[in-house]
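Encoded as C-alpha cells, the structure appears first; notes follow it.
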Amino acid sequence: MAKRKFQLSDADRQRLIKAYALCKDGPTRTRYQAVRLYGEGYTVADIEQITGCSRASLLEWCRAYQQDPQQGLTDKRQGGNSAKLSRFELEDLAHRLHQYTPHDLFGSDAHSASGQFWTVNDVQTVVQQWYGVKYQSHTSYLRLLAQCEFSYQKTERVYKSHSQLKVADFEEQLEKN
C-alpha cells in the first residue's frame, strides 16, 4: 500500500482548526474538517462517513489546500440562477405586458379567445421577439408572468373555430325548447 503523501504540519493543523471554528458556512466547514482529518491520517472511508463527502471531493479539496492554504477551501460558487433576462429587461417586459394586450400585438393570432389575457405561448413569443431569449421550461414563463405581477388563471374553454352566430342560434333554440 502506498504511503500517503499529504500530511499536515502542526501550523497547518492549527490553521484548519481555527478556520473551522470561525467559519459560519456549512460546506466550507466540511472542507476544513475533511482536509484536517485526511492530513491527520484518518482513512478515506472514515472521513467519508464523518463528513459525508465523496473520495473525489476529498482529494480535490486536499489538492486545492496544497496549492493555496489561505483560500483553497473557500466556497467560490456565485449562487443565484442563470437568469436569461437582466433586471432592466424584466422591468421593461413587465411594463410592456401591462401596456399591451396580446390582441394589440398579435390580433386574431393571440392564443386566448378574446386576446385580452397573456398566455404562456404569447409571452414566449414576445420574449423571443423582443429579447432573443427562449426558455426550455413552461414553468420559466409562469415565473416571468409572476415577476411581472400577473396571476395565473385557468384558460377559457372557447374554440376559435366556432362561429359566434351559430353558438347564439344554438342557445336560442335551447331557450325555446
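Numbering (this note's numbering), first residue to last: 2 to 178.
Glycine residues also receive a C-beta, built at the ideal position from the N, C-alpha and C atoms.
request  = Assign Asp123 to one of two classes, buried (16 or more other C-beta atoms within 10 Å of its C-beta) or exposed (fewer than that).
outcome  = buried
Can you give me the start and stop residues for the alpha helix (DSSP H) that Asn122 sits inside? 121-132
**Arg30 - containing alpha helix (DSSP H), residue span** = 27-40
*How should Thr31 be labelled, buried or exposed, when 16 other C-beta atoms within 10 angstroms of its C-beta is the threshold for buried?*
Buried, by the Cβ-count rule.
Can you tell me whether Val168 is buried or exposed? The criterion is at least 16 other CB atoms within 10 Å of its CB, across all chains shown.
exposed
| said: Taking its Cβ as the centre, do 16 or more other Cβ atoms sit within 10 Å of Ile48, making it buried, or is it exposed? | reply: buried
For the stretch 28-45 against the stretch 92-112, do three or more pairs of beta-carbon atoms, one drawn from each stretch, fall closer than 8 Å, so that the two count as touching? no
### Query
Counting along the chain, where does the alpha helix (DSSP H) carrying Lys19 start and finish?
Looking at the DSSP string, the run of the alpha helix (DSSP H) that includes Lys19 is 11-23.
Quiz item: Considering only C-alpha positions, which residue in the set Ala20, Val128, Gln68 is nearest to Val91?
Solution: Looking at the sequence provided, one finds Leu at residue 91 rather than Val. Relative to Leu91, the option among Ala20, Val128, Gln68 whose CA is nearest is Val128.
With a floor of 4 residues, list each alpha helix (DSSP H) that falls wholly inside the stretch 83-111, ordered by position along the chain. 88-100, 103-107
### Task
Answer yes or no: do Tyr142 and Gln125 have a C-beta to C-beta separation smaller than 8 Å?
The answer is yes: Cβ separation under 8 Å.
Out of curiosity, what's the CA-to-CA distance linking Asp170 and Gln130?
40 Å
Using the C-alpha atoms, what's the distance from Leu145 back to Lys135?
12 Å
* Asked: What residue from Ala111, Leu38, Pro28 has the CA that sits closest to Asp13's CA?
  -> Leu38
- Message: Please tell me whether Ser55 has its Cβ less than 8 Å away from any Cβ of chain D.
- Response: Note that chain D does not occur in the displayed structure, where there is just one protein chain.
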